[in-house]
Amino acid sequence: MQHQIRKQIPKAFKENYSIKSIGSAKLDVVQHYLDTQFEHHPMADPEVQARFGKYQIDNVHADLNSLRRSAHGEFLYNLHLVFVHAGRWREIRDDRLTRSRDLIERIAVKKKHLLSKARLLPDHIHLTLGCDVKESPMEVALGYLRIDD
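Numbering-wise, this note's numbering puts 125 at position 106 of the sequence shown, and it's gapless, one number per residue.
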């Protein structure tokens with residue numbers, strides 16, 4: 020919201036502010052949705068399905084319900100991002116899945132995001148993470164698409 024408003028009113032949030040919730044999606048609903056992704060997208064081979072478990076990220080220390088603070092106020096700014104492989108290519112190679120999981124974790128640390136969950140599926144990836152209010156949703160998403168770290 021801040022990024023859109025500042026285009027028209029550059030000093031819209033000059034003083035302290037508190038942003039706690041915008042929209043109807045609740046964190047527990049989104050997190051549950053991520054936790055049920057394997058039920059929604061089962062693999063034909065149970066052995067391949069079982070292998071995917073080791074590529075999932077569940078960070079219990081990333082509390083997306085806790086208010087974060089900046090110099091200007093307190094906020095909750097969490098995103099649910101979904102990245103779909105080009106042509107819905109189904110990736111099941113262990114080396115590629117390991118690389119993707121490790122890259123997601125490295126980018127989250129580098130960008131100082133609170134990575135709560137990552138669900139790597141054969142043809143798409145889900146992330147839930149907390150972000151800094153200085154980043155637009157587009158900047159956050161593009162940060163996970165770049166392989167420049």
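Using N, Cα and C, we set each Cβ at its ideal position, and we do this for glycine too.
Run of the alpha helix (DSSP H) containing residue i, from where it starts to where it stops
i: His59; result: Gln56 to His59
i: Pro65; result: Pro65 to Arg70
Per-residue burial, residue i [other beta carbons within 10 Å of its own, 16 or more giving buried]
i: Asp168; result: Low per-residue confidence applies at Asp168: pLDDT is 46, beneath 50, and the placement is therefore not dependable, though the value from the model is reported in the following sentence. Exposed, since its Cβ has fewer than 16 Cβ neighbours within 10 Å.
i: Gly106; result: exposed
i: Glu158; result: exposed
i: Leu164; result: exposed
i: His91; result: exposed
i: Ala69; result: exposed
i: Glu154; result: buried
i: Asp114; result: exposed
i: His104; result: exposed
i: His51; result: exposed
i: Ala127; result: buried
Coarse secondary structure for residue i, derived from DSSP in three states
i: Lys130; result: helix
i: Asp168; result: Per-residue confidence for Asp168 stands at a pLDDT of 46, beneath the threshold of 50, marking its modelled position as unreliable; the derived number appears in the next sentence. Note: Asp168 maps to coil in three-state DSSP.
i: Val152; result: coil
i: Met157; result: helix
i: Asp121; result: helix
i: Arg115; result: helix
i: Ala82; result: According to the sequence as given, residue 82 is Asp; it is not Ala. Of the three classes helix, strand and coil, the one that applies to Asp82 here is coil, per DSSP.
i: Arg109; result: coil
For residue i, the residue or residues it bridges with in DSSP
i: Lys136; result: Asp77 and Thr147
i: Leu100; result: Leu146
Between the segment 112–120 and the segment 135–142, do at least 3 Cβ pairs fall closer than 8 Å?
Proximity of the segment 112–120 to the segment 135–142 meets the contact definition, three or more beta-carbon pairs being nearer than 8 Å.
Say whether the segment 138–153 touches the segment 82–92, bearing in mind that this needs 3 or more beta-carbon pairs closer than 8 Å, one atom from each stretch.
With a cut-off of 8 Å on Cβ pairs, the segment 138–153 is in contact with the segment 82–92, counting three or more such pairs.
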